[in-house]
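Visitor: One structure coming up, written as C-alpha cells, with questions to follow.
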Amino acid sequence: MVSTCATLLVLLVVSSPQDDRLAHRLRALDPHVLPGKERDAARRAVREDQRRRVFEANRRSSRQWRAIESRGDWERFRDERLARLRESLGSPGLTASDTAPRARVTGEVTGDGFRIENTVLESRPGGWITANVYAPSPPRASMPGIVISHSHHRPKEQSELQDMGMTWARAGCVVVVPDHLGHGERRQHPFHEASDFERPFRVSRQDYYFRYDLAAQLDLAGESLMGWLAADLMRCVDLLVARPGVDADRIVLLGAVAGGGDPAAVAGALDRRIDAVVPFNFGGPQPETTYPLPDDAERSFNYAGSGSWESTRNLRGSAAGGFLPWVIVGGIAPRRLVHAHEFAWDRERDPVWKRYRRIYQLLDAPENLAFAHGRGALRGRPPESSHCTNIGRVHREMIHPALARWFGIEVTREREYSRPRDRSELRCMTDEAARELRPKSICEALSSVARSRPAPPEALSRWERALGDVAPDAPPRVRIATIDRTALPGVLLERLALEVEPGIVVPALLLIPASASATTSPTRPGAPLVVALARLGKAWFLAHRAEALAALLEAGIAVCVPDVRGAGESAEGSGLGRSSAATSRSSTEQMLGGTMAGARLRDVRALLAHLRERRELDASRIALWGDSPSSPLAPRTDHRVPRRIGGRPEGPDPLGGLLALLGAALERDVRCVLVHGGLVSFRSVLDSPFVFIPHDVAVPGALGAGDLAGLVSAIAPRPARLGALVDGLGRAVDAERARAAYRSALEAYAGASGALHIAGEESGPAVRWLIERLR
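Under the numbering used here, the first residue of the sequence shown carries the number 3, and numbering increases by one thereafter.
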C-alpha cells in the first residue's frame with residue numbers, strides 16, 4: 003500500500019498557484035471552434051458523406067449491371083462478387099462437405115404420418131447445432147429435403163415452423179428446422195425465462211437483441227455472424243444429402259421473415275447443392291420501404307441499404323465490394339428462386355424483380371423464377387396486414403404451387419397440418435448429450451483466435467487491413483484559424499478547423515506556451531507537443547483534465563485537443579448503444595469497406611501532418627495521449643442485465659486510447675504514447691456473453707492482428723505507458739492482469755528496459771511521465 007501511494011505521489015501533478023489560475027481558466031474556456039451553422043453541418047457530415055458513398059456504390063453497381071449483355075457477362079459479374087462475399091464473411095465453414103456431419107438423435111416424437119427426430123449435429127469442433135428433423139413415417143424411396151431458416155422472432159419450436167415441418171413431412175419430405183446460433187437452445191445469454199431476472203423484461207426478444215453482442219465478438223475474431231449462420235445452414239444440407247432416401251437434386255432452403263431470409267440467401271448463393279431458395283425480405287424492397295415505389299425506382303432505389311446494428315442485413319464490405327443483396331440473391335440463378343415478401347408487393351415498380359427476370363432470361367431458365375407475398379404493410383394490423391412470426395399460411399399458399407411444379411411436392415391449403423407439440427418435446431441438447439458432447443460457447447470457440455499473436459511487422463500490417471484506409475489522401479486544408487493571446491495567461495490559444503477530406507472538418511484547440519512561441523528561431527526548436535485524444539474531445543479535456551493540461555503548458559509543452567469526425571463537437575447524438583446513431587454510422591462505414599476507427603485515425607494523421615509544419619512546434623518531440631471519459635467500474639459489478647431494460651452498467655469508451663496506440667504505431671516519429679483508461683485487450687470482450695464496448699471501437703479482425711498488445715509491440719522501443727486499464731465490461735484491471743495481457747509486448751520491449759510501463763489503477767493520467775519524456 004505504501005509503495006502504491008508513493009507511486010501516485012510521483013505521478014500526480016503538484017499545482018502551483020499559477021497552475022491553479024491556468025487550470026481554472028481552462029475549465030471556463032469555451033471549447034467550440036465552429037460557428038453554429040458549421041457545427042450543425044459537421045454533425046451531419048459523416049452521415050451525408052456515407053449517404054453519398056452508398057449512392058455511388060448503387061450507381062456503380064447499376065452501371066455495371068447495364069453493361070451485362072450475355073450469360074458469360076453475368077456469370078463473370080456474379081462470380082467475382084460472390085468470391086468477395088465469401089472472403090468478407092470470414093467463416094471457414096462456407097463450403098459444401100463431402101462427408102456427413104457428426105450427428106446424434108437424442109429423442110423422437112411420433113405423429114400422424116411423420117416423426118420428429120430431435121437432433122444435434124456438429125457445425126465446427128465443439129460447436130453443435132440443435133435441430134428438429136421432420137421425416138415421413140413410413141419413409142419414402144425418394145424424398146425432397148427442406149431446410150428452414152427461422153426468423154429472429156422465434157426459434158425452431160415456434161408453431162409456424164412446426165406446421166411446415168409436419169405438413170411437408172406428411173407430403174413426403176425430410177425437413178430440418180435448426181436453431182440459429184444465439185437462439186433457442188443455442189442461446190449465449192442467460193435470460194431464458196421471466197424468472198431469470200428480478201424485474202420484468204421482454205423474454206422473447208432477448209435472442210434477437212443479443213445478436214448484437216454475438217456479431218461484435220465474431221467480428222473481433224475476423225469472423226461474422228452471417229458467415230456462421232450461413233455455414234450452419236450448409237451443415238444442415240450436409241445432413242440431408244447424406245441421409246438415405248433424400249434426393250440430392252431436390253434440396254430446398256426457406257428463409258423466414260425478420261432475418262431468416264438473410265442467411266438463407268447467402269447460403270443459397272454459395273452452396274450450389276441447394277436447388278431452390280425462398281429468402282423472405284432480402285434483396286429487394288423491405289417491409290420498411292415506403293409503398294408504392296416511385297416511378298424512377300430503378301434509379302433511386304437504395305440497393306445497398308444502410309447500416310444498423312443488425313449485421314446480417316448490412317454485410318461488411320458489401321457496398322465497396324459490389325455484393326449487394328440483389329446480387330447475392332441473383333447469384334442463386336439458374337436454380338429455383340421465390341422472390342418473397344412478408345407484406346404487399348409493388349410488382350410493377352420493383353427494380354430488383356426486373357433484374358431477376360433479366361438474369362433468368364440470360365440463363366434460359368425463366369420458369370425457375372416465382373414470387374410470394376402477403377398483404378398490407380408493416381404498420382398495419384392483422385388481418386388486413388399479413389404479419390407472421392416466421393412464414394405464415396398466406397405466404398405458404400403462394401409457395402406450394404412453385405414447389406409442386408419444380409419438385410412434385412404436392413400440398414394445398416386443405417392439406418396443411420397443424421398440431422404443435424410442447425417445446426419440451428422438441429428439446430435436442432439433453433443433459434446427457436451436453437455432458438458427453440460438451441458444447442462450446444462462442445467465447446470458448448473464439449479463444450484460439452485470441453491466443454494467436456503474429457510478429458510485430460505482420461501484426462501492424464494486419465491492423466491496417468482490418469481498419470481499412472488509414473492514410474490521408476492529401477494535406478488538410480485550414481478552414482478556421484483564429485488566435486487569442488488574452489484568454490489564457492501565458493498561453494497562445496488557437497481555434498483551428500481542418501478540412502481533412504471533402505466535407506469532413508476536424509475542429510481542434512491548439513494551446514502553445516507563449517514563452518516557447520516567442521523564442522522560436524531557426525536555431526531554437528519550438529515547443530514539444532502532446533495531442534490529446536478522447537471521444538468527447540475538447541470539451542471533456544477542458545472540464546476534466548484542466549490540471550493536467552495546465553501542468554503540460556507550465557512545463558513548456560504545447561497541447562492540441564481535436565474532435566475527430568463524428569465525435570466531440572461533431573457528434574451526432576450522445577449515445578453509443580446498440581440502436582445509436584454511432585452504431586449505425588459504424589456499421590455503414592464497414593459496408594463501405596472501412597471502419598470508423600480507421601477513418602478517425604486518418605483524422606489524427608492529417609492533424610499530425612499539419613502540426614509538424616508549424617514552426618512554433620518541435621516535430622521531433624510529439625506525444626499522443628489517449629484518455630477515456632468513462633470511469634472504471636468495480637471488479638464485482640454485475641453485468642447480468644437483459645437488453646432493452648434500465649439499469650445496465652455504463653460501458654467503457656476506449657476510443658482515445660485506441661487512436662493513440664494506432665497513431666503511435668503508424669507514425670514512427672511520435673516519441674511516446676500515454677494511454678489512460680483504455681481497454682486492456684479485445685480478448686477481454688470474449689470473457690462473457692455481454693458486449694459493452696462501442697461498435698465503432700470493435701475493429702473486425704483485431705484479435706487476429708495480435709490484439710492491442712500487437713500495437714504496443716509495434717511501438718517498441720519508444721516509451722509507452724498504459725494505466726487505469728479496463729476490461730471489455732468496463733471493470734478496472736489490476737497491474738498483474740494487465741501485464742499478462744501485454745506479455746508479448748513486454749517481450750518486444752526486452753531490449754528497452756523501462757520504456758514500457760503498465761500500471762494498475764491510477765487516479766489521473768501520468769502527466770509527469772509525459773513531461774519527462776518530452777524534455
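Glycine residues also receive a C-beta, built at the ideal position from the N, C-alpha and C atoms.
None of these values were measured; they are calculated from a predicted model.
Just tell me which of Leu380, Gly224 and Leu235 has its CA closest to the CA of valine 259.
Guide: Checking every option, the nearest Cα to that of valine 259 belongs to Leu380.
Visitor: Tell me the rounded alpha-carbon separation between serine 572 and leucine 96.
Guide: Rounded to the nearest angstrom, the two C-alpha atoms are 41 angstroms apart.
Visitor: Tell me which residue opens and which closes the beta strand (DSSP E) that leucine 758 is part of.
Guide: Here the beta strand (DSSP E) through leucine 758 covers 758 to 760.
Visitor: Cα separation between histidine 343 and aspartate 729?
Guide: Cα to Cα, the separation comes out at about 43 angstroms.
Visitor: Which residues bound the beta strand (DSSP E) around threonine 121?
Guide: Start and end: 116 to 126.
Visitor: What are the start and end residues of each continuous beta strand (DSSP E) run of 3 or more residues lying completely inside the region 532 to 583, in chain order?
Guide: Segments of the beta strand (DSSP E) lying fully in the region 532 to 583: 560 to 564.
Visitor: Decide if the region 544 to 551 is in contact with the region 756 to 769; the criterion is three or more beta carbon pairs, one per stretch, under 8 angstroms apart.
Guide: Contact holds: three or more Cβ-Cβ distances are below 8 angstroms.
Visitor: Beta-carbon within less than 7 angstroms of leucine 326's beta-carbon, same chain only, minus the 5 sequence neighbours each way: which residues are those?
Guide: Ser63, Tyr305, Ala306 and Ser320.
Visitor: If you run the structure through DSSP and keep just helix, strand and coil, what is histidine 343?
Guide: Coil, per DSSP.
Visitor: Between the alpha carbons of isoleucine 624 and alanine 529, how many angstroms are there, rounded?
Guide: So the alpha carbons of these two residues sit roughly 9 angstroms apart.
Visitor: Run through DSSP, which three-state label would asparagine 316 get?
Guide: Three-state result, asparagine 316: coil.
Visitor: Pull the bridge partners of methionine 145 from the DSSP assignment, please.
Guide: DSSP lists Val248 as partners of methionine 145.
Visitor: Short check: CB of proline 721 to CB of cysteine 674, under 8 angstroms?
Guide: Yes, Cβ-Cβ distance for proline 721 and cysteine 674 is below 8 angstroms.
Visitor: Below 8 angstroms on the Cβ atoms is my guess for glycine 262 versus tryptophan 328; work out the distance and round it to an integer in Å.
Guide: Not a contact, Cβ separation roughly 18 angstroms.
Visitor: In whole angstroms, what separates the C-alpha of isoleucine 779 from that of asparagine 283?
Guide: There is simply no residue 779 to check, as the chain begins at 3 and stops at 777 in what is shown.
Visitor: Do you know how far the Cα of arginine 207 is from the Cα of leucine 235?
Guide: Those two C-alpha atoms are separated by around 22 angstroms.
Visitor: Given a cut-off of 8 angstroms, decide if alanine 489 and valine 35 are closer than it, judged by their beta-carbon atoms.
Guide: Taking 8 angstroms as the Cβ cut-off, valine 35 and alanine 489 do not qualify as a contacting pair.
Visitor: Out of Ile514, Val177 and Arg156, state which residue places its alpha-carbon closest to the alpha-carbon of arginine 617.
Guide: Comparing Cα positions, the closest option is Ile514.
Visitor: Rounded to whole angstroms, what's the CA-CA distance from glycine 706 to glutamate 591? Just pull it up for me.
Guide: Looking at the two C-alpha atoms, the distance is approximately 21 angstroms.
Visitor: Put threonine 132 into one of helix, strand or coil per three-state DSSP.
Guide: It is a strand residue.
Visitor: Using C-beta distances below 6 angstroms, list every residue in its chain close to alanine 608, excluding the 5 sequence neighbours before and after it, in chain order.
Guide: The residues are Pro474, Pro478 and Val502.
Visitor: Looking at C-alpha atoms only, which residue of Pro180, Val176 and Ser686 is the closest neighbour of isoleucine 253?
Guide: Checked all of Pro180, Val176 and Ser686; the closest Cα to isoleucine 253 is Val176.
Visitor: Based on Cα-Cα distance, which residue from Ile482, Met593, Phe684 and Leu512 lies nearest to leucine 619?
Guide: The residue with the shortest Cα to Cα distance from leucine 619 is Leu512.
Visitor: Three or more C-beta pairs under 8 angstroms: does that hold for the region 683 to 697 against the region 437 to 457?
Guide: Touching, yes.
Visitor: With contact counted as at least three CB pairs below 8 angstroms, one residue from each stretch, are the region 564 to 578 and the region 39 to 46 in contact?
Guide: They touch, by the three-pair rule.
Visitor: Tell me whether tryptophan 311 sits in a helix, a strand or coil according to DSSP, three-state version.
Guide: Note: tryptophan 311 maps to coil in three-state DSSP.
Visitor: Can you look up valine 12 in the DSSP assignment and give me helix, strand or coil?
Guide: Any reading at valine 12 must be qualified, since the residue scores a pLDDT of 35, below 50, and its modelled position is unreliable; no value is offered.
Visitor: Give every residue of the same chain whose Cβ lies closer than 6 angstroms to the Cβ of valine 672, excluding the five residues on either side of it in the sequence, and list them in chain order.
Guide: Hits under 6 angstroms: Ile624, Leu626 and Ala666.
Visitor: Using a threshold of 8 angstroms, state whether the C-beta atoms of alanine 726 and proline 654 are closer than that.
Guide: In this structure, proline 654 does not lie closer than 8 angstroms to alanine 726 by Cβ.
Visitor: Cα separation between aspartate 471 and threonine 112?
Guide: If I take the Cα positions, the gap works out to 57 angstroms.
Visitor: Look at the alpha carbon of alanine 374 and the alpha carbon of arginine 398, and state the distance between them as a whole number of angstroms.
Guide: If I take the Cα positions, the gap works out to 8 angstroms.
Visitor: So for serine 426, helix, strand or coil by DSSP?
Guide: If DSSP states are grouped into helix, strand and coil, serine 426 belongs with the helices.
Visitor: What residue from Trp542, Gly558 and Gly323 has the CA that sits closest to phenylalanine 79's CA?
Guide: The residue with the shortest Cα to Cα distance from phenylalanine 79 is Gly323.
Visitor: In terms of DSSP beta bridges, what is cysteine 674 paired with?
Guide: Beta-bridge pairing links cysteine 674 to Ala625.
Visitor: Using beta-carbon positions only, say whether proline 157 and histidine 185 come within less than 8 angstroms of one another.
Guide: Yes; because the gap between Cβ atoms is below 8 angstroms, this pair is in contact.
Visitor: Could you say which of His389, Leu371, Pro651 and Asn370 lies nearest to arginine 377 if we only look at CA atoms?
Guide: The candidate whose alpha carbon is nearest that of arginine 377 is His389.
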